[in-house]
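Only one structure is covered here, and it is reproduced in the block below.
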Amino acid sequence: MSQANPIALISRKTGNWWADDRRHWCAYCGDKLEGKAGSTPKATRDHVLPRAHLGRHVTIPACRPCNQAKANTSLPDFLLTPYFASVRARERSTRWPLRDLWLVMALAAVEQARSLSDTWPDSSA
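So the mapping is simple: our numbering equals the position in the sequence shown, first residue as 1, plus 119.
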């Protein structure tokens, strides 16, 4: 019996956001990600699992204010913050659906587990 690859299953649902138009919009608030000439670009890559929590594999597009508000907070905790509630109150068709944010969180968790699996002791011993 073959086992399903969780990364492939989640990726089929989320697609490649760095290759499509979603890379131009903040996943959290839906703001357009572009800097004006001579200014610091608003576009950032948010680590879904913060680097402080050893996350490094999965990033999503985020504006600087949303990325700074999330900081070292886990995505589930960030989704419960007053900041997130306030930016989601603004209706924008370009923001990611909550379902997609949760799927990306699942993808990040699976990627993290896969990267750490080589250091885990063999449970069959």
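Backbone N, C-alpha and C define an ideal beta-carbon position, used for all residues, glycine too.
Values in this document were obtained by computation on a predicted structure and should not be read as measured data.
What number of angstroms, rounded off, separates the C-alpha of residue i from the C-alpha of residue j?
i	j	result
residue 180	residue 193	16 Å
residue 177	residue 206	22 Å
residue 229	residue 223	10 Å
residue 183	residue 128	30 Å
residue 185	residue 130	24 Å
residue 221	residue 146	12 Å
residue 210	residue 135	24 Å
residue 140	residue 236	33 Å
By Cβ distance below 6 Å, which residues in the same chain neighbour residue i in space, the five residues on each side in sequence not counted?
i	result
residue 169	191
residue 125	229
Under a three-way DSSP split, which group does residue i fall into?
i	result
residue 150	coil
residue 157	In this prediction, residue 157 scores a pLDDT of 46, lower than 50, which makes its location untrustworthy; no coordinate-derived value is stated.
residue 162	strand
residue 133	helix
residue 221	helix
residue 232	helix
residue 181	strand
Cβ atoms of residue j and residue i: under 8 Å apart, would you say?
i	j	result
residue 143	residue 151	yes
residue 149	residue 233	no
Note down, in chain order, each residue of its chain lying with its Cβ closer than 7 Å to the Cβ of residue i, except the 5 sequence neighbours on either side.
i	result
residue 219	133
residue 189	165, 197
residue 203	147, 197
Please report the Cβ distance between residue i and residue j, rounded to the nearest whole angstrom; I am assuming they are in contact, meaning their Cβ atoms lie under 8 Å.
i	j	result
residue 174	residue 225	With 8 Å as the limit, residue 174 and residue 225 do not qualify as a contact, their Cβ atoms being about 13 Å apart.
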